[in-house]
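**Q** In this note's numbering, the protein residues as written are 56 to 237. Every residue gets a Cβ at the ideal spot worked out from N, C-alpha and C, and that includes glycine. My questions all concern the structure below.
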């Protein structure tokens, strides 16, 4: 099966919905035989995601920069935890390890990771599937902005269609298992 990189928050946000979403995804990826690749933290949505995948018997690879090992409490129970020098190396390593990318709600770091893989796709540096789970319209304002940028001529044809919008974990798994999503 594939290595699926998940970008998500190092916090759980307000309410229990975001954490529950991360747990459902982690469990579903493991039960589908996918290996989870993520930011290596044991806090927030990242920790819930990894814990759920591990509890379901999945393999989990974390990649965390040295300066965040203590801040994000590097997860000690993973299949493998790679400690790298900096954030740039983290993103590069996560991209190299992964066959597809899936984004859950998160903050600036999550958006940085999402836009990194979108930009690399735009530049032709990869053709891996990129999925966005937008279960409760968390990303609606961002998607609206992206449509506006496209309408104003700042994006090329295909830039928006490269990002597969999913409304649920089940939609995301279905999209991951559909051939030619890259």
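State the beta-bridge partners of residue 80 as determined by DSSP.
**A** Working through the chain shown from its first residue, we reach residue 80 at position 25. Beta-bridge pairing links residue 80 to no other residue.
**Q** Quick check: the Cα distance between residue 147 and residue 157, rounded to an integer number of angstroms?
**A** Against the chain shown, residue 147 aligns to sequence position 92. Against the chain shown, residue 157 aligns to sequence position 102. Spanning the two alpha carbons is a distance of roughly 16 Å.
**Q** Taking Cβ positions, are residue 129 and residue 88 nearer each other than 7 Å?
**A** For this step, residue 129 is matched to residue 74 along the chain shown. For this step, residue 88 is matched to residue 33 along the chain shown. Against a cut-off of 7 Å, the Cβ pair of residue 88 and residue 129 comes out as no contact.
**Q** Could you check which residue in 110, 219 and 152 has the C-alpha nearest to that of residue 118?
**A** As a position in the chain shown, residue 118 is number 63, starting the count at 1. Nearest C-alpha to residue 118: 152.
**Q** Which of the three DSSP states, helix, strand or coil, is assigned to residue 128?
**A** Locating residue 128 in the chain shown gives position 73, where the first residue counts as 1. Residue 128 falls in the coil class under three-state DSSP.
**Q** In angstroms with no decimal places, state the Cα-to-Cα distance between residue 159 and residue 97.
**A** As a working note, residue 159 is residue 104 in the chain shown. As a working note, residue 97 is residue 42 in the chain shown. In a straight line, the C-alpha of residue 159 is about 16 Å away from that of residue 97.
**Q** Considering only the beta carbon of each residue, do residue 221 and residue 198 sit closer than 7 Å?
**A** By 1-based counting over the chain shown, the position of residue 221 is 166. By 1-based counting over the chain shown, the position of residue 198 is 143. In this structure, residue 198 does not lie closer than 7 Å to residue 221 by Cβ.
**Q** In three-state terms, what does DSSP make of residue 176?
**A** By 1-based counting over the chain shown, the position of residue 176 is 121. DSSP places residue 176 in helix when its eight states are reduced to three.
**Q** How long is the line joining the alpha carbons of residue 135 and residue 219, rounded to whole angstroms?
**A** Walking along the chain shown from the start, residue 135 turns up at place 80. Walking along the chain shown from the start, residue 219 turns up at place 164. One C-alpha to the other measures close to 28 Å.
**Q** Apart from the five residues on each side of it in sequence, which residues of its chain come closer than 8 Å, Cβ to Cβ, to residue 181?
**A** Here the question's residue 181 lines up with position 126 in the chain shown. Taken in chain order, the residues that qualify are 150, 172 and 175.
**Q** Going by CA-CA distance only, name the one from 190, 213 and 101 that's closest to residue 201.
**A** In the chain shown, the residue the question calls residue 201 occupies position 146. Checking every option, the nearest Cα to that of residue 201 belongs to 213.
**Q** Starting from residue 196 and walking both ways along the alpha helix (DSSP H), at which residues does that stretch end?
**A** Along the chain shown, one-based indexing puts residue 196 at 141. 195-206 is the extent of the alpha helix (DSSP H) around residue 196.
**Q** When you compare only the Cα positions, how much space is there between residue 194 and residue 60?
**A** Taking the chain shown and counting its residues from 1, one reaches residue 194 at position 139. Taking the chain shown and counting its residues from 1, one reaches residue 60 at position 5. Going by the C-alpha atoms only, they are around 18 Å apart.
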